[in-house]
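Q: Residue numbers (my numbering), protein chains in the order written: chain P, 1 to 127; chain E, 128 to 289; chain H, 290 to 563. Ideal placement from N, C-alpha and C gives every residue a C-beta, glycine not left out. Provided herewith is a single structure, encoded as structure tokens, for subsequent inquiry.
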Amino acid sequence: MRALVIDDSRAMRRIVSGTLEGFGYETRQAGHGQEALDVLHEGWVPELCTIDWNMPVMDGLEFVSAVRANPAWRAVTLVMVTSESEHGQIVRALAAGAHEYVLKPFTADALHDKLALLGLLPQEVAR
Amino acid sequence: MSAPVVTELLDEGTVAEIAEQAWAALVGEEEVLVPLPGEPPTDPVSSWVEVVGPWTGAVVLTCGRDTAEQLARALLGEHAPEVVDGEDVVDALGELANVVGGNVKALLPAPSVLGLPEVGAAPSPGSPADTCRVDLLWRGQPLTISVQGCALDLTEENGVSL
Amino acid sequence: MTLTATGFDWVRQLVHRESAIVLTPGKEYLVEARLLPIARQMGLPDVGRLVDSVRSRPSPESTRRIVEALTTNETSWFRDGDPFTALTSTVLPVLLAARGPAERLQIWSAACSSGQEPYTIAMLLEDALPNAAARVSITATDISREMVERTRAGRFSQLEVNRGLPAPMLVRHFTRAGSEWEIAPALRRMVTAGECNLAAPFPRMGPFDVVYLRNVLIYFDLPTKQAILHRVRALMRPDGWLFLGAAETTLGVDDSWERVVIGRSSAYRPLKGA
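Following this line, the structure appears as structure tokens:
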């Protein structure tokens, strides 16, 4: 399975990518929403995107809306991974089309549990 | 109606709790923050995020440069590159401010907007009445988190935009 | 008195035996940090004395608390999700068909820790059943008074709500309370929490239609496991359902149960006439 990790912090991109690779994912990274859309347009359409909210150029919420507006990308699961932690913000992200929401700070276990809920753990799918 | 001051919205215990959770989850489960002041660092560096809303100000994290480098290594942990360079340190410190700042923002009146992290010399604080500051020790080294009202325009000054 | 090398080794072997988790040398600091609160609650000054005390007088409760403190950071909400899926897919429809409309279903979460399990059940029922609060009551018990109080409060840290709680359920059933998240009052009212030592005679409660007794039998020896299962059975309705942890079974322990496979999980039902 493939995952696109979208975050403006490269430390966070390394942590999330490394964690997902540990679960069996092949990953690519993008520093903001527009860069991530470019990856999708290029034809690299992953099963999973993890998406920070506050980023330069195009934020995570705009990215979610853009992905949801394109039927060709319907199969992509969108998981917000962000420090935006108000009740209302989670509602907004879900309404825009995000499937899940991981609050920063998070642990690898938290990411693991959410992917288990979504049936998106590569080793388990293969089993 | 006058703008609220942060001390009416938050207390030190809550800010320390947010920081402790961020450290336990991201820096390492054994990494504790001890709520004690230390000697101020001789070569401080700060990272901050701006909050704009009914209350406007910044959430600022300040520590010594050595501490910042250790924090970057601990945050990256097993995912650290072979060489952790200056850019990694700036980035990691900024991300910690973003995580603490986002969670602080959730306790402030809505709607509030979080800015992107910046790193550099600490922005000037607002009035003491509009500042909620916690002094902590991480691995015996001082680290402060200050939720402070806006004295000046924080965005364009001495920050390194990330 | 700090933890000695022998003491650390004892903890290491215990945790490995009970959870298959390996504490590598160098984790002494972690053991000290995690076990200190338990030592204090037991009125002991430090972790060294705690380990000495538990080694000389082993008890399943203190053993379980030590293992849990070292193996789980936060209890996950849908921990091994299948027993919860089974509740709404199979168990609930069967029970609703068998019971009268005025009969209240009684569910027991028998080692509820900080409350994730009983509230997971409450959320599922609230979403699956109109007027759930009037139709179901959930009894949540734990040996630790602190855990019972946490369950009653129904408040969870950000790190706790991050663990396996689906975001749509978080926004539907929780509100923010300062830096924590608080379960909706209607769900809190469905759950009654109290202390219960599984290894001792049970307080008056039940009869239960469903019992969740998960990840706790592993800490007891065979005769105690048998006694607990026997007492649980006495509190269950004859057509009730028992869920155990994924690594637990009644097979070879107590033959008065029938194992029923539901999807990817198993439930146990009292054998008639056994």
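Do SER398 of chain H and GLU406 of chain H have their C-beta atoms closer together than 8 Å?
A: yes
Q: At the 8 Å Cβ level, is ASN225 of chain E part of the contact set with chain H, yes or no?
A: no
Q: Between ARG14 of chain P and LEU118 of chain P, what straight-line distance do the alpha-carbon atoms span, to the nearest angstrom?
A: 22 Å
Q: Please decide whether ASP52 of chain P counts as near chain H, where near means a Cβ-Cβ distance under 8 Å.
A: no
Q: Answer with buried or exposed for MET412 of chain H, where buried requires no fewer than 16 other C-beta atoms within 10 angstroms of its C-beta.
A: Residue environment for MET412 of chain H: buried (at least 16 other C-beta atoms within 10 angstroms of its C-beta).
Q: Do you know offhand how far LEU384 of chain H's Cα is from MET479 of chain H's?
A: 18 Å
Q: In three-state DSSP terms, what is ALA400 of chain H?
A: coil
Q: Within this structure, are the beta carbons of SER554 of chain H and ALA375 of chain H separated by less than 8 Å?
A: Yes, Cβ-Cβ distance for SER554 of chain H and ALA375 of chain H is below 8 Å.
Q: Measuring alpha carbon to alpha carbon, tell me which residue in E:ALA237, E:GLY247, E:LYS232, E:VAL142 is nearest THR82 of chain P.
A: E:LYS232
Q: Expressed to the nearest angstrom, what Euclidean distance is found between the alpha-carbon atoms of GLY229 of chain E and GLY552 of chain H?
A: Here the C-alpha atom of GLY229 of chain E lies approximately 40 Å from the C-alpha atom of GLY552 of chain H.
Q: What are the boundary residues of the alpha helix (DSSP H) that PRO412 of chain H is part of?
A: Looking at the sequence provided, one finds Met at residue 412 of chain H rather than Pro. It spans 405-417 - the alpha helix (DSSP H) in which MET412 of chain H sits, taken as one unbroken run.
Q: Check the Cβ of ALA195 of chain E against every Cβ in chain P and list those closer than 7 Å, keeping chain order.
A: None at all; the shortest Cβ gap to chain P is about 12 Å.
Q: Would you call the stretch 21-40 of chain P and the stretch 212-225 of chain E in contact, with 3 or more CB pairs under 8 Å?
A: no
Q: Beta strand (DSSP E) containing ILE432 of chain H: first to last residue?
A: Where ILE432 of chain H is concerned, there is no enclosing beta strand (DSSP E), given that its DSSP letter is neither H nor E.
Q: Which of the three DSSP states is assigned to MET1 of chain P in this structure?
A: coil
Q: Just how far apart, CA to CA, sit LEU279 of chain E and ASN225 of chain E?
A: Bear in mind that a pLDDT of 48 at LEU279 of chain E, under 50, signals an unreliable position, so the number given afterwards is only what the model happens to contain. Each residue's Cα considered, the two are about 20 Å apart.
Q: Buried or exposed: GLY33 of chain P, going by 16 or more other Cβ atoms within 10 Å of its Cβ?
A: buried
Q: Since ALA110 of chain P meets chain C, which of its residues come closer than 7 Å, beta carbon to beta carbon?
A: Here the protein chains are P, E and H, and chain C is not one of them.
Q: Answer with yes or no whether the minimum CB distance from SER85 of chain P to chain E is below 8 Å.
A: yes
Q: Is it the case that the stretch 515-534 of chain H contacts the stretch 425-438 of chain H, given that we only count it when at least three CB pairs across the two stretches are under 8 Å?
A: Pairwise C-beta distances place the stretch 425-438 of chain H out of contact with the stretch 515-534 of chain H, as fewer than three of them are shorter than 8 Å.
Q: From which residue to which residue does the beta strand (DSSP E) around GLU245 of chain E run?
A: Where GLU245 of chain E is concerned, the enclosing beta strand (DSSP E) stretches over 245-247.
Q: Just to confirm, is the Cβ distance from GLN148 of chain E to THR194 of chain E under 8 Å?
A: Taking 8 Å as the Cβ cut-off, GLN148 of chain E and THR194 of chain E do not qualify as a contacting pair.
Q: Between the C-alpha atoms of TRP150 of chain E and VAL161 of chain E, what's the straight-line distance to the nearest angstrom?
A: 11 Å
Q: When the distance is taken between beta carbons, is ALA146 of chain E closer than 8 Å to CYS277 of chain E?
A: no
Q: One question on the structure: do LEU78 of chain P and HIS99 of chain P come within less than 8 Å of each other, judged by their Cβ atoms?
A: yes
Q: Under a CB-based cut-off of 8 Å, is VAL311 of chain H close to chain P?
A: Chain P, which has no Cβ nearer than 8 Å to the Cβ of VAL311 of chain H, makes this no.
Q: For chain P, is any of its Cβ atoms less than 8 Å away from the one on GLY229 of chain E?
A: yes
Q: Do ASN451 of chain H and PHE106 of chain P have their CB atoms nearer than 8 Å?
A: yes
Q: Can you check whether the C-beta of THR377 of chain H is within less than 8 Å of a C-beta belonging to chain P?
A: no
Q: Counting pairs of beta carbons, one from the stretch 42-61 of chain P and one from the stretch 89-104 of chain P, are three or more of them closer than 8 Å?
A: yes
Q: At which residues does the beta strand (DSSP E) containing ALA473 of chain H begin and terminate?
A: No beta strand (DSSP E) holds ALA473 of chain H; DSSP gives it neither H nor E.
Q: Which residue comes first and which comes last in the beta strand (DSSP E) that contains ARG424 of chain H?
A: Not the beta strand (DSSP E): ARG424 of chain H falls in the alpha helix (DSSP H), residues 421-424.
Q: I need the DSSP call for VAL154 of chain E, collapsed to helix, strand or coil.
A: helix
Q: Considering only the beta carbon of each residue, do PRO527 of chain H and PRO559 of chain H sit closer than 8 Å?
A: yes
Q: Round the Cβ separation of ALA3 of chain P and LEU40 of chain P to the nearest angstrom and send it over; I've been treating them as touching at under 8 Å.
A: Contact between ALA3 of chain P and LEU40 of chain P is ruled out by a C-beta separation of about 13 Å, above the 8 Å threshold.
Q: Taking Cβ-Cβ distances shorter than 8 Å, what residues in chain P pair up with LEU243 of chain E?
A: ASP8, ASN54, MET55, PRO56
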